[in-house]
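Novice:
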Amino acid sequence: NKYISQTDLAAQLSITRETINRNMKKLQNQGIIRRIGADKNGHWEILE
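Quick note on numbering: the sequence shown equals residues 904 to 951 in the numbering used here.
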């Protein structure tokens, strides 16, 4: 689900939102994902 919030994803995976945020930043810095659109209405795109 490319529109799931970090809070909802953390709850589904039983980890903290901070862990989700840290991992998303790592993936973004490595060029694996990128953000499309605004923070509230956007989504993530997988590049690799």
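Glycine is no exception: its CB is placed at the ideal position from the N, C-alpha and C atoms.
Given this structure, state the Cα-to-Cα distance separating Leu-930 from Ile-936, to the nearest angstrom.
Specialist: Here the question's residue 930 lines up with position 27 in the sequence shown. Here the question's residue 936 lines up with position 33 in the sequence shown. Near 6 Å, if we compare the C-alpha coordinates of Ile-936 and Leu-930.
Novice: Can you give the beta carbon distance from Ile-923 to Gln-933, rounded, assuming they're within the 8 Å contact cut?
Specialist: For the purposes of this step, residue 923 is taken as residue 20 along the sequence shown, with counting starting at 1. For the purposes of this step, residue 933 is taken as residue 30 along the sequence shown, with counting starting at 1. Not really, about 16 Å apart at Cβ, beyond 8 Å.
Novice: What does the alpha-carbon distance come out to for the pair Asn-926 and Ile-949?
Specialist: Walking along the sequence shown from the start, residue 926 turns up at place 23. Walking along the sequence shown from the start, residue 949 turns up at place 46. Distance between the alpha carbons of Asn-926 and Ile-949 is about 14 Å.
Novice: Helix, strand or coil for Glu-921 per DSSP?
Specialist: As a first step, residue 921 must be located in the sequence shown, where it is residue number 18. The answer is helix: DSSP assigns Glu-921 an H, G or I state.
Novice: What separation, rounded to the nearest whole angstrom, lies between the Cα atoms of Ser-917 and Asp-942?
Specialist: On the sequence shown, residue 917 is found 14 positions in, with the first residue counted as 1. On the sequence shown, residue 942 is found 39 positions in, with the first residue counted as 1. If you take the alpha carbons of Ser-917 and Asp-942, they lie about 23 Å apart.
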